[in-house]
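A short write-up of the structure that comes next.
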Amino acid sequence: MAILTIIIGSVLGILLGFLIPTIPYSVSKYLAIAIVAALDSVFGGIASSIKKNFDLKVFISGFFVNAIIAMLLTYLGQRLNVDIYLAAIIVFVGRMFNNLGIIRRYYLDKISKNFGKGKHK
Amino acid sequence: MKVKVDKQKMQMAIIIGIITLLLVSSMFIQFKAVDKSQESNIESLRSDELTTQIATYKSRYEETMEQYEENQNTISEYKSTMDENKESTNLLDKELNDTETLLGLTDVQGEGLIITLKDTNEATYTASDLLTLINELKYAGAEAISINDNRVVNLTEITAINNSFIMMNSDSRISSPYTVKVIGDKSYLMSTLNLKNSGFVDLMRVNNLEITVEESKNVVINKYSKEITAKKMKEVE
Amino acid sequence: MCGAVERAGGILHQLKLNDLSVTVKKESNIKINKFNGALTKKYMKDIRN
């Protein structure tokens, strides 16, 4: 069920992305950091659902709050003339690698288990 | 229970779908924005690229300014040299122009006389007659003389060829009627030519030669168009 | 130049016919002084070109 909605959401997203008029370049910086934050939340959500830890509330709040906080920090960095957004990127991408690692290990485990099952049979 | 679970699952699915929509659309919006900005106008560069561009333009500007100042200095040097030269050139130019005019190398105009000499069946003009006229005109202060539009200059000769025709200025043939134009003080010229008995008019009339003298406020005399050489003579201090 | 002056009918001949005394001598280094008068252009005006 969820997979279906994911696919539908992606397709609609692509359409929307092309239809919406180009945003001004100055804003693009903030959107970029928000996307990174969002991706981090998504992978975090996937990883937690694998660990059977998934909490929808945490996921949704994380998704939006992280994005907003990231944008605010970038803006603050602009005003202070300090590239704060760099730190955010390091954290988010770092966490992404972590979560992707967890996902990878889980599926590798699953595959080798299936293999094992197959062999035994 | 099952319905509740299904409902929850539905909810989650929908929420996840919405979130995917948001995420994917943001990504594609961003892709579009970045793609557009890849046209490297200076107006759409990021700050670090801007600083390098500015540094480049700054050094280019400074180089150009140096060049420009050098050029300006050279120009003002030339200008002042030119101004110095201009004055002496102007004086020389004026002297040259005046000299050419005095030699008869330019077209001139001024007050004077127009004298017409006509051969008749009874009497014809000779080269000597023309020479006598020219001599008298010079005596009377003529500044420029021409015969049938041939300018009389310093070394102009008037020669009779075989008593059939008259040549002047090496290769110009002239024949009756002879139009002699003179520029000078027209009343003085007139009175000199018309002196009783000794003036040219009387001299010619005595010999039954036809002559008319007319005063004019505006005589135009053409320049001497041949070469004046200094092949044999050399200037001595 | 001497030739032209000396031929019959030439000016020398004419003068001699009239008993006038004329001598012509060739020189390799003749000095002629300059004109000390004034050349004026009070009445004529340059209208070149």
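Chains A, B and C supply the protein sequences, listed in that same order. When we follow the numbering used here, the leftmost residue of the first sequence carries the number 79, and every step to the right adds one. When we follow the numbering used here, the leftmost residue of the second sequence carries the number 1377, and every step to the right adds one. When we follow the numbering used here, the leftmost residue of the third sequence carries the number 4, and every step to the right adds one. Even glycine gets a Cβ: it sits at the ideal position worked out from N, Cα and C.
In chain order, Tyr108, Ile111 and Ala112 place their CB closer than 7 angstroms to the CB of Met149(A), counting only its own chain and leaving out the 5 sequence neighbours on each side.
If you draw a 10 Å sphere on the C-beta of Gln1406(B), you find 16 or more other C-beta atoms in it, and that means buried. In this structure, DSSP gives Asn1594(B) an extended state, which the three-state scheme calls strand. In the displayed model, Asn1539(B) falls within coil according to three-state DSSP, outside both helix and strand.
A Cβ-Cβ contact shorter than 9 angstroms links Leu1569(B) with Val1577(B). Taking a Cβ-Cβ threshold of 9 angstroms, the residues of chain A close to Thr1396(B) are Thr83, Ile84, Ile85, Ile86, Gly87, Ser88, Leu90, Gly91 and Val120, in chain order. Around the beta carbon of Thr100(A), fewer than 16 other beta carbons sit within 10 angstroms, so the residue counts as exposed. The beta carbons of Lys1557(B) and Gly1488(B) sit about 7 angstroms from each other, so the pair counts as a contact at 8 angstroms. For Thr26(C), no beta strand (DSSP E) encloses it, and the DSSP letter there is neither H nor E. When beta bridges are read from the DSSP output, Glu1425(B) appears opposite no residue. Taking a Cβ-Cβ cut-off of 7 angstroms, the neighbours of Gln1406(B) in chain A comprise Ser106, Leu109, Ala110 and Ile113, given in sequence order.
Here Leu1399(B) is near Leu117(A), since their CB atoms are less than 9 angstroms apart. A straight line joining the alpha-carbon of Lys44(C) with that of Leu1478(B) spans about 7 angstroms. The beta carbons of Gly95(A) and Lys1408(B) sit about 7 angstroms from each other, so the pair counts as a contact at 8 angstroms.
Nearest CB-CB separation between Thr26(C) and chain B: not below the 9 angstroms threshold. Listed by position along chain C, the residues whose Cβ is nearer than 9 angstroms to that of Thr1477(B) are Lys44, Met47, Lys48, Asp49 and Arg51.
Taking a beta-carbon distance threshold of 9 angstroms, Phe96(A) counts as an interface residue toward chain B. Selection Tyr46(C), Asp49(C), Lys37(C) and Leu42(C) evaluated against Glu1613(B) yields Lys37(C) as nearest (Cα-Cα).
In the assembly as shown, Asp1505(B) is a buried residue. Its beta-carbon has 16 or more other beta-carbons within 10 Å. For Tyr1554(B), the enclosing beta strand (DSSP E) begins and ends at Tyr1554 to Ile1559. In the assembly as shown, Asn144(A) is a buried residue. Its beta-carbon has 16 or more other beta-carbons within 10 Å. The C-beta of Asn131(A) has fewer than 16 other C-beta atoms within 10 Å across all chains shown, which makes the residue exposed. DSSP places Val1528(B) in the uninterrupted beta strand (DSSP E) bounded by Asn1526 to Val1528.
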